[in-house]
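Numbering (my numbering), first residue to last: 257 to 834. Okay, structure first, notes after.
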RNA sequence: GGGCCUGUAGCUCAAUUGGUUAGAGCAGAGCGCUCAUAACGCUUUGGUUGGGGGUUCGAGUCCCUCCGGGCCUACCA
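Laid out in structure tokens, this is it:
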């Protein structure tokens, strides 16, 4: 039994995430975790909320709440929604946890001891009215290059020229609108990533089979311009992890906190500690310390492409630089973006479907299936209501749901709600004469192998295609075998055909559970087969339900999305979130 | 500006990394079935692989060029 550590990029705290965020890391990570657990592996699947930084402070202020209280509330909200989507985290932690405070300060001390941190004095824009230093993009003004009047301090959205906030004409704070700004001197800690460039590059170069998206972004940062740059890891904020060198004060750094991108990945480790402290596990070090049992752990990270530089460079620099035997990531699965109906999902403009709204209108399985079968693996992909409706109705309702319905109802009407006796199926006896059953049998063997291979490789779309093809094969079998006409002349043979077909239901349920866990669970419950495990072989799996085994005809597994619903939702989610 | 990715059937995507006649699903058309959620199955229409040029016995795949889309560019996270 192999051991797998899986982390999803941690979602930012300042609001409910949209479907694009969900499909870019948490959902595929959950699919993989469920699959590996299903196959009997030991899995630790961690996620958390990313709670520090300027946007969190501003969101809290807007909500009129202390930032700690705001974050606690939003964590609870995000946690509940994650449950709603059946995201099977072993623990959903918080980057603001005590554990992360201590660990982040510990890493900073180790890096300082290794001479990988330097102090830099610099000037930054300070807003007196806001009482805070402002990140460049929170300053707006007129672009000195093109005259655009809402250019941000980091870049002009109109002419794309990179700017410095002092270049702006008539700069003002986007928070208060105040023009009372000044450049103030401040001191910050920088992680000397440039010192580690060769080490990081060698590590990247020796990773095998990583997605092009992952390695190309990493190489770009390593070699662009003057190479990998040192990175500021502290900020002048109130809310965050206080800058300390381990447990000691850091002279000159009073009142400052670590930058979120320094402490957020460390939360992956701290989260395992939270998991133990919450009483859910016994030993976090055997997952994270290669000197304490994590040698045989396979660690896989999931994230959107915007997170790649931090996971391929900054976080490994932190780990390698510490000189301690922490587990490094083995495989980084990164995703492109999901667009919404011809444009981007937009949190700020309320465009698209947000996770809470999605669950209000349809069960999690609908979203899980469509999103995962259209996950943006090779390029950006697009959500449209037409595609969603047609994908869900066709795949889930017509192909899978209706299969379950037609088999169980036919059985009930001819034999009762019990697996019928008589004849032999191709799974029970390779010498059976049911040619169509033999066809199905071989079809499923091939498809199952392909499905497992794709899931092992985290080729999600391809895996979804194979799974769907197995559902289709069940319908093909029924059409070939036609038990409704067999029954008229040879009820025993029809009984064998139906027994064979009934066995497909728990088989499908187990294989489909990573994609559609709720429907899979209902299928198993109704078939009184909740003890079914991942199939070792197809013939073994298809003889699970023996003659005489009682079951219940399931309710409709997936109601179809009507045209009226689709049009209604299309309108409702086109504009502003209410 | 620079870099990376991308462009394949009406739509969404494949194509074992240069190797037979470019394949699936959806949508469309025809036929069949009547167990089932008006569901299912079979057959079928549909392509100058964005344009042009080149390398090669052979190019969707490699090179050049043009056109379109996207992302990143280090102080949002």
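Heads up, the beta-carbon is just placed ideally off N, CA and C, and yes, glycines get one too.
Do you know how far the Cα of residue j is from the Cα of residue i?
{"i": "residue 757", "j": "residue 675", "result": "10 Å"}
{"i": "residue 833", "j": "residue 278", "result": "Here residue 833 scores only 49 on pLDDT, less than 50, and its place in the model should not be relied on; the value that follows carries that caveat. Their backbone Cα atoms lie some 18 Å apart in a straight line."}
{"i": "residue 281", "j": "residue 406", "result": "32 Å"}
{"i": "residue 398", "j": "residue 384", "result": "20 Å"}
{"i": "residue 425", "j": "residue 400", "result": "6 Å"}
{"i": "residue 655", "j": "residue 673", "result": "22 Å"}
{"i": "residue 658", "j": "residue 646", "result": "15 Å"}
{"i": "residue 572", "j": "residue 521", "result": "10 Å"}
{"i": "residue 702", "j": "residue 476", "result": "40 Å"}
{"i": "residue 372", "j": "residue 443", "result": "16 Å"}
{"i": "residue 722", "j": "residue 494", "result": "51 Å"}
{"i": "residue 267", "j": "residue 617", "result": "23 Å"}
{"i": "residue 403", "j": "residue 417", "result": "12 Å"}
{"i": "residue 507", "j": "residue 297", "result": "47 Å"}
{"i": "residue 326", "j": "residue 319", "result": "8 Å"}
{"i": "residue 480", "j": "residue 450", "result": "12 Å"}
{"i": "residue 736", "j": "residue 707", "result": "24 Å"}
{"i": "residue 732", "j": "residue 271", "result": "46 Å"}
{"i": "residue 386", "j": "residue 375", "result": "26 Å"}
{"i": "residue 259", "j": "residue 547", "result": "16 Å"}
{"i": "residue 317", "j": "residue 341", "result": "29 Å"}
{"i": "residue 783", "j": "residue 755", "result": "12 Å"}
{"i": "residue 377", "j": "residue 441", "result": "7 Å"}
{"i": "residue 563", "j": "residue 469", "result": "11 Å"}
{"i": "residue 746", "j": "residue 689", "result": "13 Å"}
{"i": "residue 801", "j": "residue 648", "result": "29 Å"}
Helix, strand or coil, according to DSSP, for residue i in the structure here?
{"i": "residue 263", "result": "strand"}
{"i": "residue 555", "result": "strand"}
{"i": "residue 217", "result": "Only positions 257 to 834 of the chain appear in this structure, which leaves residue 217 out of reach."}
{"i": "residue 515", "result": "coil"}
{"i": "residue 747", "result": "helix"}
{"i": "residue 305", "result": "strand"}
{"i": "residue 577", "result": "helix"}
{"i": "residue 485", "result": "coil"}
{"i": "residue 425", "result": "strand"}
{"i": "residue 741", "result": "helix"}
{"i": "residue 540", "result": "coil"}
{"i": "residue 833", "result": "No answer about residue 833 holds up, because its pLDDT of 49 lies below 50 and its placement is not dependable."}
{"i": "residue 280", "result": "helix"}
{"i": "residue 300", "result": "strand"}
{"i": "residue 505", "result": "strand"}
{"i": "residue 545", "result": "strand"}
{"i": "residue 769", "result": "coil"}
{"i": "residue 703", "result": "helix"}
{"i": "residue 321", "result": "coil"}
{"i": "residue 495", "result": "coil"}
{"i": "residue 500", "result": "strand"}
{"i": "residue 713", "result": "coil"}
{"i": "residue 289", "result": "helix"}
{"i": "residue 409", "result": "coil"}
{"i": "residue 310", "result": "helix"}
{"i": "residue 294", "result": "helix"}
{"i": "residue 271", "result": "coil"}
So residue i and residue j are supposed to be a Cβ contact under 8 Å. How far apart are they, rounded?
{"i": "residue 275", "j": "residue 611", "result": "7 Å"}
{"i": "residue 532", "j": "residue 538", "result": "7 Å"}
{"i": "residue 636", "j": "residue 593", "result": "5 Å"}
{"i": "residue 307", "j": "residue 269", "result": "4 Å"}
{"i": "residue 660", "j": "residue 779", "result": "6 Å"}
{"i": "residue 391", "j": "residue 310", "result": "6 Å"}
| request: Taking only runs that begin and end inside the region 433–473, name each unbroken beta strand (DSSP E) of 3 or more residues, in chain order. | output: Complete beta strand (DSSP E) runs here, min 3: 437–447.
| request: Starting from the N-terminal side, write out each stretch of the alpha helix (DSSP H) that is 4 residues or longer and does not extend beyond the region 778–830. | output: 794–797 and 819–828
| field | Runs of alpha helix (DSSP H) lying entirely within the region 585–632, each at least 4 residues, in chain order | value | 611–617 and 620–629
| Complete runs of the alpha helix (DSSP H) confined to the region 324–395 [at least 4 residues] | 354–369
| request: Pair every Cβ in the region 737–757 with every Cβ in the region 662–672, then say whether three or more of these pairs are closer than 8 Å. | output: yes
| Is the region 420–438 touching the region 452–468, taking contact as three or more C-beta pairs under 8 Å? | no
| field | the region 509–526 contacting the region 485–494, beta-carbon criterion three pairs below 8 Å | value | yes
| request: Mind listing, in chain order, the continuous beta strand (DSSP E) runs of no fewer than 3 residues lying wholly within the region 633–676? | output: Counting whole runs of 3 or more residues, the region 633–676 contains the beta strand (DSSP E) stretches 637–639.
| said: Check whether the region 569–588 and the region 354–371 are in contact - that is, three or more C-beta pairs closer than 8 Å. | reply: yes
| query | Do the region 618–631 and the region 709–728 make contact, defined as three or more Cβ pairs closer than 8 Å? | reply | yes
| request: Please determine if the region 552–572 and the region 455–469 are in contact, where contact requires at least 3 C-beta pairs separated by less than 8 Å. | output: yes
| query | How do the region 301–310 and the region 341–349 stand: do at least 3 beta-carbon pairs fall below 8 Å, yes or no? | reply | Touching, yes.
| Taking one C-beta from the region 674–689 and one from the region 812–820 each time, how about it: are there three or more such pairs within less than 8 Å? | no
| said: Pairs of beta-carbons, one from the region 758–765 and one from the region 773–790, closer than 8 Å: are there three or more? | reply: yes
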